[in-house]
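Peer 1: Sequential numbering of the sequence shown, starting at 1, is according to the numbering used here. Ideal Cβ placement from N, Cα and C applies to all residues, glycine included. Values in this document were obtained by computation on a predicted structure and should not be read as measured data.
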Amino acid sequence: MRAARTLLALAGCLAAAAVAAEPTQPGQQAWRTEPRQQAQPTEQRQQTLVRMVRQDCGSCHGMRLTGGLGPALTPQALADKPLASLAATIVHGRPGTPMPPWRALLDEADALWIATQLQLGFPEEPQVQVQR
Ligand code: HEC
1 MRAARTLLAL AGCLAAAAVA AEPTQPGQQA WRTEPRQQAQ PTEQRQQTLV RMVRQDCGSC
61 HGMRLTGGLG PALTPQALAD KPLASLAATI VHGRPGTPMP PWRALLDEAD ALWIATQLQL
121 GFPEEPQVQV QR
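1) Please state whether DSSP places GLY121 in a helix, a strand or coil.
2) Taking the alpha helix (DSSP H) that VAL91 belongs to, which residues open and close that run?
3) Keeping to the same chain, check which residues put their C-beta closer than 7 Å to that of LEU106; ignore five residues upstream and five downstream.
4) Comparing alpha-carbon positions, which option in PHE122, ILE114, VAL130 and GLN127 lies nearest PRO41?
5) Let me know if ALA111 comes out buried or exposed under the rule of 16 or more other beta-carbons within 10 Å of its beta-carbon.
6) From GLN44 to MET52, what does the alpha carbon distance come to, in whole angstroms?
7) Around the ligand HEC, which residues pass a check of Cβ closer than 7 Å to any of its heavy atoms?
8) Starting from the C-beta of ALA87, find all residues in its chain whose C-beta is less than 6 Å away, skip the five residues before and the five after it, and write them out in chain order.
9) Three-state secondary structure (DSSP) at LEU14?
10) Use the C-beta contact count for GLN127: other C-beta atoms within 10 angstroms, 16 or more gives buried, fewer gives exposed.
11) Tell me whether TRP113 sits in a helix, a strand or coil according to DSSP, three-state version.
12) Report the three-state DSSP secondary structure of MET52 (helix, strand or coil).
13) Run the CB neighbour count on LEU120, radius 10 Å, all protein chains shown included, and call it buried at 16 or more, exposed below.
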């Protein structure tokens, strides 16, 4: 028991040391090249994004995102596509196709979150209780 505690404490110290070792100099933005590590949208923003994708994107990509005017956005359909390129398609659209750019409504972190969720299987909208 005592040994386990010591180990846990040790692991805690190591984690703290690792955080302290993160580069903090201004201009040191190497992490930006790894999109997975970008800040995620807040919980509340994520709910907005789920609603938006289900409603606005669903109008072309299908209610179940299984395809319509736009192609299916299911995990199977997107499995081999790089996240960064999916996110870029969402932000910039595909000129010459009906896929519009969404940069006025979505930033890159939003688009990356959406692309990630699409590859995982997009969350359903929570059931909204209409109270009148
Ligand atoms: C007006 C119709 C329309 C709307 C609205 C729309 N899309 Fe699209 N989308 C398309 C079409 C058409 C394509 C295929 C473009 C092509 O031929 O390359 C596409 C392509 C994509 C792709 C690339 C798929 C792949 O297999 O490479 C992604 C990702 C995507 N859309 C996400 C979205 C998201 C997220 C939204 C909502 C924020 C959205 N789309 C809204 C029409 C639409």
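Peer 2: Reading from the atomic positions:
1) The sequence position of residue 121 within the sequence shown is 121, counting from 1. In the structure shown, GLY121 sits in coil (DSSP, three-state: anything other than H, G, I, E or B).
2) By one-based count along the sequence shown, residue 91 stands at place 91. Unbroken alpha helix (DSSP H) run through VAL91: 83 to 92.
3) The sequence position of residue 106 within the sequence shown is 106, counting from 1. ILE90 and VAL91, listed in sequence order.
4) Against the sequence shown, residue 41 aligns to sequence position 41. Nearest C-alpha to PRO41: ILE114.
5) Numbered from 1 along the sequence shown, position 111 holds the residue referred to as residue 111. Counting Cβ neighbours within 10 Å, ALA111 comes out buried, since at least 16 surround it.
6) If you number the sequence shown from 1, residue 44 lands on position 44. If you number the sequence shown from 1, residue 52 lands on position 52. Taking the straight line joining both Cα atoms gives about 13 Å.
7) MET52, VAL53, ASP56, CYS57, SER59, CYS60, HIS61, LEU69, GLY70, PRO71, LEU73, ALA77, LEU78, LYS81, LEU86, THR89, ILE90, ARG94, THR97, PRO98, MET99, PRO100, TRP102, LEU106, ILE114, ALA115 and LEU118
8) Translated into the one-based positions of the sequence shown, residue 87 becomes position 87. Correct list, in chain order: ALA111, LEU112 and ALA115.
9) Residue 14 sits at position 14 when you count from the first residue of the sequence shown. With a pLDDT of only 46 at LEU14, under the threshold of 50, the placement of this residue in the model should not be trusted; the figure read from the coordinates follows. Reduced to three states, the DSSP call for LEU14 is helix.
10) Here the question's residue 127 lines up with position 127 in the sequence shown. With fewer than 16 Cβ atoms within 10 Å of its Cβ, GLN127 is classed as exposed.
11) Along the sequence shown, read from residue 1 onward, the residue named residue 113 stands at position 113. Three-state DSSP puts TRP113 in a helix.
12) Working through the sequence shown from its first residue, we reach residue 52 at position 52. Three-state result, MET52: helix.
13) Here residue 120 refers to the residue found at position 120 when the sequence shown is read from its first residue. Exposed, since its Cβ has fewer than 16 Cβ neighbours within 10 Å.
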